[in-house]
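First up is the structure itself, then whatever we jot down about it.
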Amino acid sequence: MRKFMDWDNIGDDEIRIIGDRNTKRSHQRRWVLLLFALLVICLIISIPILINGNKSNETIESSLFNSIDTIEYQGILDDESANLRSFCEIRDTTVETLPLRLFIPHNARPTLHKGKIDKSDPEIIYANMAADVRADNGGILGAFVLEGEPLAWGLSRKGYCSIIDDVITVGVAENSPLFERATEVGGYFFRQYPLVDNGVVLIENKARVYNYLRALCQIGDNTFMAHSLTKVSFHNFAQALANIGCDNAIYIVGYEAYGWAVDSDDMVHEFGTDGYFDSVVPEPDNLNYIVWKRK
Amino acid sequence: MAKHLIISTATELVRIEPQRIVYFSSDGNYTTMVQVDNEMRVLTSLLGNIEKRIASQLGNEGKVFVRLGKSLIINSSYIYYINPARQRLTLSDAATFSHNLTASKEALKQLKEYLEKEVEKL
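Shown next, in the form of structure tokens:
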């Protein structure tokens, strides 16, 4: 009878000669198992305490944390037309094993902002860095239009976002007529790495890095932002976005980039590292943000 | 005819002689295969599945491959340099390619001991 073998059951401190079926386990393994057993015991003891202590937060937690199996993705982005309040809905979910936080603006209009951003501006319900800025000369990477004024013309990334008459469009194209259109009507335009193009994963950035990534996504006419809550590769991040049904998605600056969102209770949720610039390096003049403001 | 390793998924099939493979590295749900011609191919398969295929398809010949921790399967034929203290492993044919990899000290120590024992057996 063939013996069952879990092929992923191997620690980083172990090696296995394939064909031998004998894992050379480290001596530390026994201690790790012992430690794990102790942790399980501690967890069992502390669960009742945690449950009683957090009863008041139970409703909030259960509504925020859902698995992909329990969410109907067609339904999550429905704007509550009867609700005229402007806020950013924040939803946590997991796709496969990747935890994602979705930021869904309601009754808000998108725009781009360049330069220092006013963190106390009550009109802003979401802000995150949009286009990358070159480290060598401080220029904006890729074409960029601010209120109709073209500030950069490059095509370093094929993903784009245009905002024309408050209509936001996310897509992938080497040449988009929306760039010219944005200059004609006082609109906005920036470029970034593409992640999903018409439902298909499209990775331009092949860097094998794992980090906290963020994306600007569209499902139909609904736009939202997705942040990975753990470090992930570009490919796996894009795949997760495709899996939740994104038609189009482009990268927006993640890692430690500072930003914030304002929820339905006017609570400010910050992300990234505030004060990174000026404390580490001077803040570039061309630092730019995608901003959602109250209508 | 030389034995080939065949990795087949719903969308693709890769057929390659084991000696053409330098190593596999895990990239989440995907695996990158690095070949002796310096080509890299991303396979939509978990590293554990690759290991399973090596064992089932290559049998004894599969012993040339070593699973090193959670994220690497290396072709031991190409081990050129091991330094457990520096967590450094170099896979090279000393001619056309050289790949520097990192792994845990303990895993590299065990790999070093394994190779030393293999020499003693000769």
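Here the protein sequences come in this chain order: Z and W.
For the first sequence, my numbering gives the first residue as 238, with consecutive numbering after it.
For the second sequence, my numbering gives the first residue as 7, with consecutive numbering after it.
For every residue, glycine included, the Cβ atom is placed at its ideal position computed from N, Cα and C.
Everything numeric in this text was worked out from a predicted model, so none of it was measured.
### Task
Establish whether the CB of Gly248 (chain Z) and some CB of chain W are separated by less than 8 Å.
On the first sequence, residue 248 (chain Z) is found 11 positions in, with the first residue counted as 1. Interface residue, yes.
### Message
Please state the DSSP three-state secondary structure of Val277 (chain Z).
### Response
As a position in the first sequence, residue 277 (chain Z) is number 40, starting the count at 1. Collapsing the DSSP output to three states places Val277 (chain Z) in a helix.
### Task
Closer than 8 Å by beta-carbon distance: list the chain W residues that pair up with His472 (chain Z), in chain order.
Within the first sequence, the letter at position 235 stands for residue 472 (chain Z). The answer, in chain order, is Asp33, Gly34, Tyr36 and Val48.
### Task
Consult DSSP for Phe508 (chain Z) and reduce its assignment to one of helix, strand or coil.
Working through the first sequence from its first residue, we reach residue 508 (chain Z) at position 271. Correct three-state label for Phe508 (chain Z): strand.
#### Entry: Beta-carbon separation (whole angstroms), Ala498 (chain Z) vs Phe340 (chain Z), contact threshold 8 Å
Here residue 498 (chain Z) is taken as the residue at index 261 of the first sequence, counted from 1. Here residue 340 (chain Z) is taken as the residue at index 103 of the first sequence, counted from 1. Going by Cβ atoms, the distance from Ala498 (chain Z) to Phe340 (chain Z) rounds to 5 Å, so yes, they are a contact pair.
### Query
Does Leu95 (chain W) get closer than 8 Å to chain Z when you measure Cβ to Cβ?
Position 89 of the second sequence, counted from the first residue, corresponds to residue 95 (chain W). Chain Z, which has no Cβ nearer than 8 Å to the Cβ of Leu95 (chain W), makes this no.
#### Entry: Uninterrupted beta strand (DSSP E) stretches inside the region 16-102 of chain W (no shorter than 3 residues)
Fully enclosed beta strand (DSSP E) runs of 3 or longer: 19-22, 27-33, 36-41, 46-49, 71-74, 78-81, 85-89 and 94-98.
### Message
So Gly491 (chain Z) and Tyr449 (chain Z) are supposed to be a Cβ contact under 8 Å. How far apart are they, rounded?
### Response
Within the first sequence, the letter at position 254 stands for residue 491 (chain Z). Within the first sequence, the letter at position 212 stands for residue 449 (chain Z). With 8 Å as the limit, Gly491 (chain Z) and Tyr449 (chain Z) qualify as a contact, their Cβ atoms being about 5 Å apart.
### Task
Consider the Cβ of Ser104 (chain W): report whether some Cβ of chain B lies at a distance smaller than 8 Å.
The structure shown contains no chain B; the protein chains it does contain are Z and W.
### Task
For the region 309-393 of chain Z, list the beta strand (DSSP E) runs that are entirely contained and at least 3 residues long, ordered along the chain.
324-332, 335-343, 345-351, 361-366, 381-383 and 386-389
### Candidates Z:Arg394, Z:Asp500, Z:Ser399 and Z:Lys530: closest to Glu411 (chain Z) by CA position
Locating residue 411 (chain Z) in the first sequence gives position 174, where the first residue counts as 1. Comparing Cα-Cα distances from Glu411 (chain Z) to each of Z:Arg394, Z:Asp500, Z:Ser399 and Z:Lys530, the minimum goes to Z:Arg394.
### Query
Within 10 angstroms of its Cβ, does Tyr363 (chain Z) collect 16 or more other Cβ (buried), or is it exposed?
Along the first sequence, read from residue 1 onward, the residue named residue 363 (chain Z) stands at position 126. Per the 10 Å Cβ criterion, buried.
### Partners in chain Z for Asn44 (chain W), counting only beta-carbon separations shorter than 7 Å
Residue 44 (chain W) sits at position 38 when you count from the first residue of the second sequence. Within chain Z, no residue comes near Asn44 (chain W); the closest Cβ sits about 15 Å away, beyond 7 Å.
#### Entry: CB contact check: Ser110 (chain W) to chain Z, cutoff 8 Å
Position 104 of the second sequence, counted from the start, is the residue given in the question as residue 110 (chain W). Yes - at least one Cβ of chain Z is within 8 Å of the one on Ser110 (chain W).
#### Entry: Length of the line joining the Cα atoms of Leu388 (chain Z) and Met462 (chain Z)
Within the first sequence, residue 388 (chain Z) is the residue found at index 151, counting from 1. Within the first sequence, residue 462 (chain Z) is the residue found at index 225, counting from 1. Taking the CA atoms as reference points, Leu388 (chain Z) sits about 24 Å from Met462 (chain Z).
### Query
Mind checking Arg322 (chain Z): buried by the 16 CB within 10 Å criterion, or exposed?
Here residue 322 (chain Z) corresponds to residue number 85 of the first sequence, with the count starting at 1. Residue environment for Arg322 (chain Z): exposed (fewer than 16 other C-beta atoms within 10 angstroms of its C-beta).
### Message
Quick check: the Cα distance between Tyr526 (chain Z) and Gly496 (chain Z), rounded to an integer number of angstroms?
### Response
By one-based count along the first sequence, residue 526 (chain Z) stands at place 289. By one-based count along the first sequence, residue 496 (chain Z) stands at place 259. About 9 Å.
### Task
Could you give the DSSP three-state label for His10 (chain W): helix, strand or coil?
As a working mapping, residue 10 (chain W) is identified with position 4 in the second sequence. DSSP places His10 (chain W) outside both helix and strand once states are collapsed to three, so it counts as coil.
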